[in-house]
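Residue numbers (my numbering): 8 to 133. Cβ atoms here follow ideal geometry from the backbone N, Cα and C, with glycine treated the same way. Given the structure is predicted, the values throughout are model-derived calculations rather than measurements. Scroll down for the structure; my scribbles are underneath it.
Written out as structure tokens, the structure is:
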């Protein structure tokens, strides 16, 4: 059951990481998430517990971490915003790959749905 949660940029990054890792790994573990996000295992564990308690993840004790249907929908939305912004910054504006990746990761959390939709429409017309 999903409860009210203040979805922070950090928690969104964890959901996105689980989605990305699950696309290339058969099993996602806490260690994988910590390594991908360059955080400690205790930090990753706290975030995973919060997301599990709020219905976005399923986590077997000392085992695999998977997205719930709600978590997958949310993570896919974050990943879509990230890819869209990175594409725009890199391919349209000519920002370097590294900077586009870093900036897209920051911007994906603060842009409104309306702005993302308008950006998507703009890129579709190009």
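#1: With burial defined as no fewer than 16 other Cβ atoms inside 10 Å of the residue's Cβ, what is the status of residue 20: buried or exposed?
#2: Under the assumption that residue 74 contacts residue 18 (Cβ atoms under 8 Å), give the Cβ distance between them as a whole number of angstroms.
#3: Return the chain-ordered list of same chain residues with a C-beta closer than 7 Å to the C-beta of residue 52, the five sequence neighbours on each side being excluded.
#4: Residue 100 by DSSP, collapsed to three states: which one?
#5: What are the boundary residues of the beta strand (DSSP E) that includes residue 47?
#6: Classify residue 119 as helix, strand or coil using the three-state DSSP reduction.
#7: Write down the C-beta distance between residue 39 and residue 22 rounded to the nearest angstrom, noting that I regard them as a contact closer than 8 Å.
#8: Quick one: residues in its chain with C-beta nearer than 7 Å to the C-beta of residue 54, no 5 flanking neighbours on either side, listed in chain order?
#9: With DSSP as the reference, please indicate the residues paired to residue 40 in a beta bridge.
#10: Thinking C-alpha only, which one of 85, 60 and 94 is nearest residue 117?
#11: Looking at the secondary structure, which residues open and close the alpha helix (DSSP H) in which residue 84 lies?
#12: When you compare only the Cα positions, how much space is there between residue 110 and residue 89?
In terms of the structure at hand:
#1: Here the question's residue 20 lines up with position 13 in the chain shown. Buried, since its Cβ has 16 or more Cβ neighbours within 10 Å.
#2: Here residue 74 is taken as the residue at index 67 of the chain shown, counted from 1. Here residue 18 is taken as the residue at index 11 of the chain shown, counted from 1. No, residue 74 and residue 18 are not in contact; Cβ-Cβ is about 13 Å, not under 8 Å.
#3: Numbered from 1 along the chain shown, position 45 holds the residue referred to as residue 52. Excluding residues within five positions, the ones whose Cβ falls inside 7 Å are 37.
#4: Walking along the chain shown from the start, residue 100 turns up at place 93. In the structure shown, residue 100 sits in coil (DSSP, three-state: anything other than H, G, I, E or B).
#5: Here the question's residue 47 lines up with position 40 in the chain shown. Premise fails: residue 47 is in no beta strand (DSSP E) and is neither H nor E.
#6: Here residue 119 is taken as the residue at index 112 of the chain shown, counted from 1. The answer is coil: DSSP assigns residue 119 none of H, G, I, E or B.
#7: Walking along the chain shown from the start, residue 39 turns up at place 32. Walking along the chain shown from the start, residue 22 turns up at place 15. Rounded, the Cβ-Cβ distance is 14 Å, inconsistent with contact.
#8: Sequence index remark: in the chain shown, residue 54 carries index 47 (1-based). So the qualifying residues of the chain are 17, 18 and 21.
#9: What you label residue 40 is simply residue 33 of the chain shown in a count that begins at 1. Paired residues: none, contrary to the question.
#10: Stepping through the chain shown from its first residue, residue 117 is reached at position 110. Selected option, being the one with the closest Cα: 85.
#11: The sequence position of residue 84 within the chain shown is 77, counting from 1. First-last of the alpha helix (DSSP H) with residue 84: 76–94.
#12: The residue labelled residue 110 in the question sits at position 103 within the chain shown. The residue labelled residue 89 in the question sits at position 82 within the chain shown. One C-alpha to the other measures close to 9 Å.
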